[in-house]
Amino acid sequence: MPRKNPQAANPASRLETYVRKRDFKKSPEPTSKGGGGNGRSYVIQEHHARSHHFDFRLEIDGVLVSWAVPKGVPEDTAAKRLAVHVEDHPLEYGKFEGEIPKGNYGAGTVAIWDRGTWEPAEKNWRSAFEKGKLRFSLSGERLDGNFVLARMGEEPNWLFRKLADSPADPAQDLPKEPAKFVEPQLARLSSTVPAGSDWIHEIKLDGYRLIAVKAGGKVSLITRNGHDWTEKFASLADAMTGVSKKDFVLDGEAVVFDEKGRSNFGDLQAALQSGSGGKISFVAFDLLNYDNRKLRDLPLSARQERLAELLDETGRIQRSKVWAAEMGADLFKQACKMDLEGIISKPVGARYYEGGRRDWLKSKCRARQEFIICGYTEPKGSLEGFGAILLASFENGKLVPRGKVGTGFTAKKRLSLLKTFEKLETKKPPLQSKERGVTWLRPELVAEIGFAEITRDGSIRQGSFIGMREDKGAAEVHLEGVEKAKAEDKDQTVAGVKISHPDRVIYPQDGVSKIEVARYFERVGELMMPYVAHRPLALLRAPSGISGDLFFQKSFPNHVPAHVEQTELEDGTKIFYIKNPEGLVSLAQFGAIEIHPWGATVEKPDVPDYLTWDLDPDQGVSWKEVLGAAFFLRDYLLKLGLDPMLKTSGGKGLHLMVRIRRSHDWDTMREFTKDVARAVMEMAPGKFIIVATKAKRTGKIFLDWMRNGRGSTCIAPWGLRAREGAKISMPVSWDDLGELPAEGFNIHEPPNTPPEWLKPVTQSITKAMIVSVKAG
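Below you can see the structure in the form of structure tokens.
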């Protein structure tokens, strides 16, 4: 429907596009000059063209105003359908059925699916229709009920929904709730723009996220972490009082637009510092409460309809522009071309999840996120203030270094930041660093940084300072996995391996996708090779994510993935193995999360070269006791003449491993590791147990020696676990064990590389050791 009044053009002129697209000498479709009064007929035609769809047509002012509906007309209130506005059709088309010959526009079979009459729901329906909304009822052979068509941003995309049968005020059934702060819903990173008709897309704005609450005639502006910034945005708050006489809660962004209409975070900060509050706009993208009624349980499409009744897409207080599903990829490309940050994608049928990262996705044109400032270096050459800032992020409650950044600062900004830094100086380094000449700071300041990528050691590369983030606390800053997105949800390549369904969420609670798992294995692949290459492997697969079905697998009965070898051992055991990091990535493509190697190689499967003891504590055992137990077991092994390596289990325990010469078979080593465990238990019987019976493990640590047997496995060093938190079995040095956090390590942290793990020493199990341990 044009934005102009539909009566402004006569029916004949409105059919020009229809006539121009068709050759009526070849197509049986009806021709007409239009006209016929002001009837209220409608028709729905099923159209088997290049792509199967339905055509929905309403008679308005002598023509059939038409939409193509790819997924079919919504027949219940839960369904949300994309409706693409197409050219007006003549009234005669309402009776057309037949075959449009190949080579003609719309070639394919057309059949009438439903027909009847319609009535507008509002007296001023024409005005509402011009603005992008039409509520109406249908009375037909199949359909009978209330419906709405609502324009989604710009033409030609509309949303088509069935409404509740009751014509009563839809707000009547909404729960009452006073207008108050709501923790905003967050978006998780996506490596591609989602496709499908159930999504809408918005430009990702570059400003401060704010929740606007109008209660009792007063507007409050509150940051995402609950800080009241009304005074900081006083001018904006005053302007928002005119949005409605009723109370409301809006979710949106405070921004400053440049001359090209782009939001710019630096300009926003400059406006705040200079007192130029009048330059600041508020872009609302959700309505969470209106007239003291809770709207968050409504689908997004319904909330956006109500938001459109309050705000236009222009003005100082405006609503966000929305693009339909099939425009996502093009919108993302255009956003990147305009040097914008990216786009946000949301499912139209979803409720609002306060504080969660469940449904909304963000596709970034460039890598950019917040980091904590932990120190600064001395300036060099002609620089003033400082040279570079040292950055970190919080992972599992500890600071992880992320490198340094020395670009993106103006001379004025360097000097102003230096004054801020001086108030936070500390002599105690907040994190470990080899950087020299650092002035350390208490880790309280948060900066937004743009960068090219995250390197293998977890540091940012080619970083540039963007601005300070006063709206986020340091404890909120965690590394986001995906860096740059791609426009379309197609296979992506990691280490030469095509990854299908790259955005499939593997860790729902943590927002970690399949592509991130593949990239992690690429990142640590070389480190893992000495412990997984040319060894029989077992997998824990999670094809639909860790919340779905899990499969433990020791062979491939059907398809063997690329870069994976499968063979039979002499006793007929079918095993598989890999030779390089590409094999790890290929297993990730196959849905593998956990990699469990044998303690022996494919070439010599009957003679182990690694032994493992697993400290598995009962739920009631403290982390401090687990650390003490690890030292206790190490000391016993040292007395025997063995120096074990240490790693976390990726769960609640620890693993001790020893690389040994291939001098004994599995049966001998299995007995040896059991005897070691028994001897340690006898020295501290109240602390350890060596049987797996759970009923006997209360308050004790199970000293699991049973990893040592032909065919037995243990999670690989640097290997992922299929558990909430995307945890890793991380190698650690004994010197660091005392400070090791109970939370362990996750996929976002740089891998630890203790020297003993990079070049493990091969040790001998002597007959004297075996005899000594058995004798006790």
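Taking the working numbering, I'd label the letters of the sequence shown as residues 58 to 833.
Glycine included, C-beta positions come from ideal geometry on N, C-alpha and C.
Length of the line joining the Cα atoms of residue i and residue j
{"i": "glutamate 800", "j": "lysine 709", "result": "8 angstroms"}
{"i": "glutamate 116", "j": "alanine 106", "result": "23 angstroms"}
{"i": "threonine 301", "j": "leucine 191", "result": "The sequence given here has serine at residue 301, not threonine. Using only the alpha carbons, I get a separation of about 22 angstroms."}
{"i": "serine 473", "j": "proline 241", "result": "31 angstroms"}
{"i": "threonine 630", "j": "threonine 819", "result": "28 angstroms"}
{"i": "glutamate 288", "j": "glycine 264", "result": "17 angstroms"}
{"i": "isoleucine 747", "j": "arginine 764", "result": "12 angstroms"}
{"i": "threonine 823", "j": "glycine 756", "result": "34 angstroms"}
{"i": "glutamate 627", "j": "isoleucine 717", "result": "23 angstroms"}
{"i": "isoleucine 400", "j": "isoleucine 260", "result": "4 angstroms"}
{"i": "valine 562", "j": "lysine 571", "result": "6 angstroms"}
{"i": "alanine 825", "j": "alanine 749", "result": "29 angstroms"}
{"i": "lysine 336", "j": "leucine 262", "result": "16 angstroms"}
{"i": "valine 789", "j": "alanine 544", "result": "39 angstroms"}
{"i": "leucine 440", "j": "glutamine 519", "result": "19 angstroms"}
{"i": "cysteine 422", "j": "glycine 465", "result": "18 angstroms"}
{"i": "alanine 225", "j": "glycine 210", "result": "Residue confidence for alanine 225 is low, a pLDDT of 42 falling below 50, so the modelled location carries little weight; the figure read from the coordinates is stated next. The straight-line gap from Cα to Cα measures roughly 27 angstroms."}
{"i": "leucine 418", "j": "asparagine 282", "result": "20 angstroms"}
{"i": "serine 358", "j": "leucine 367", "result": "15 angstroms"}
{"i": "arginine 350", "j": "aspartate 308", "result": "15 angstroms"}
{"i": "leucine 672", "j": "arginine 727", "result": "16 angstroms"}
{"i": "alanine 328", "j": "lysine 469", "result": "16 angstroms"}
{"i": "arginine 592", "j": "tyrosine 409", "result": "48 angstroms"}
{"i": "arginine 459", "j": "proline 807", "result": "9 angstroms"}
{"i": "threonine 705", "j": "aspartate 666", "result": "20 angstroms"}
{"i": "histidine 616", "j": "glycine 656", "result": "26 angstroms"}
C-beta contact flag for residue i and residue j at 9 angstroms
{"i": "isoleucine 652", "j": "leucine 596", "result": "yes"}
{"i": "proline 701", "j": "isoleucine 758", "result": "no"}
{"i": "serine 402", "j": "valine 250", "result": "yes"}
{"i": "lysine 219", "j": "glutamate 132", "result": "yes"}
{"i": "serine 581", "j": "serine 450", "result": "Note on residue identity: the sequence assigns valine, not serine, to residue 581. No, the pair does not count as a contact, with Cβ atoms beyond the cut-off."}
{"i": "glycine 432", "j": "valine 503", "result": "no"}
{"i": "arginine 373", "j": "alanine 296", "result": "yes"}
{"i": "serine 420", "j": "serine 248", "result": "yes"}
{"i": "methionine 714", "j": "tryptophan 670", "result": "yes"}
{"i": "arginine 719", "j": "lysine 661", "result": "yes"}
{"i": "tryptophan 497", "j": "lysine 480", "result": "no"}
{"i": "leucine 293", "j": "glycine 334", "result": "yes"}
{"i": "valine 270", "j": "proline 213", "result": "no"}
{"i": "isoleucine 632", "j": "serine 612", "result": "yes"}
{"i": "valine 51", "j": "serine 277", "result": "Nothing can be reported for residue 51, as the shown portion of the chain is limited to 58 through 833."}
{"i": "histidine 104", "j": "glycine 515", "result": "no"}
{"i": "leucine 448", "j": "isoleucine 430", "result": "yes"}
{"i": "glutamate 86", "j": "glycine 163", "result": "yes"}
{"i": "leucine 594", "j": "threonine 770", "result": "yes"}
{"i": "phenylalanine 578", "j": "leucine 777", "result": "yes"}
{"i": "phenylalanine 193", "j": "valine 126", "result": "no"}
{"i": "valine 120", "j": "arginine 71", "result": "yes"}
Counted within 10 angstroms of its Cβ, other Cβ atoms place residue i as buried (16 or more) or exposed
{"i": "asparagine 181", "result": "exposed"}
{"i": "tryptophan 175", "result": "buried"}
{"i": "glutamine 102", "result": "buried"}
{"i": "alanine 392", "result": "buried"}
{"i": "proline 487", "result": "buried"}
{"i": "glutamate 198", "result": "exposed"}
{"i": "alanine 228", "result": "For alanine 228, the predicted model reports a pLDDT of 49, less than 50, meaning its position is unreliable; a value from the coordinates is still stated below. The residue in question, alanine 228, is exposed, as its Cβ has fewer than 16 Cβ neighbours within 10 Å."}
{"i": "proline 559", "result": "buried"}
{"i": "glutamate 435", "result": "exposed"}
{"i": "arginine 513", "result": "exposed"}
Residue i: CB within 8 angstroms of a non-hydrogen atom of the ligand SAM
{"i": "alanine 449", "result": "This structure lacks the ligand SAM, and indeed carries no ligand of any kind."}
Contact the region 98 to 114 vs the region 168 to 177: 3+ CB pairs below 8 angstroms:
yes
Hey, which unbroken runs of the beta strand (DSSP E) at 3 residues or more fall wholly within the region 305 to 331?
305 to 312
Stretch pair the region 314 to 327 + the region 373 to 390: three plus CB contacts closer than 8 angstroms
no
Sequence ranges, beta strand (DSSP E) only - wholly within the region 360 to 426, length at least 3
374 to 376, 399 to 404, 418 to 421
Which ranges does the alpha helix (DSSP H) cover as unbroken runs of at least 4 residues, wholly within the region 430 to 518, from first to last along the chain?
468 to 479
Give a yes or no on contact between the region 676 to 687 and the region 604 to 621, applying the rule of three or more CB pairs nearer than 8 angstroms.
no
Any contact of the region 734 to 742 with the region 644 to 651, i.e. 3+ C-beta pairs under 8 angstroms?
no
Which residue spans inside the region 691 to 720 form an unbroken alpha helix (DSSP H) run of at least 4?
none
For the region 721 to 778, which segments carrying the beta strand (DSSP E) assignment without a break, of at least 3 residues, lie completely within its bounds, in sequence order?
758 to 761
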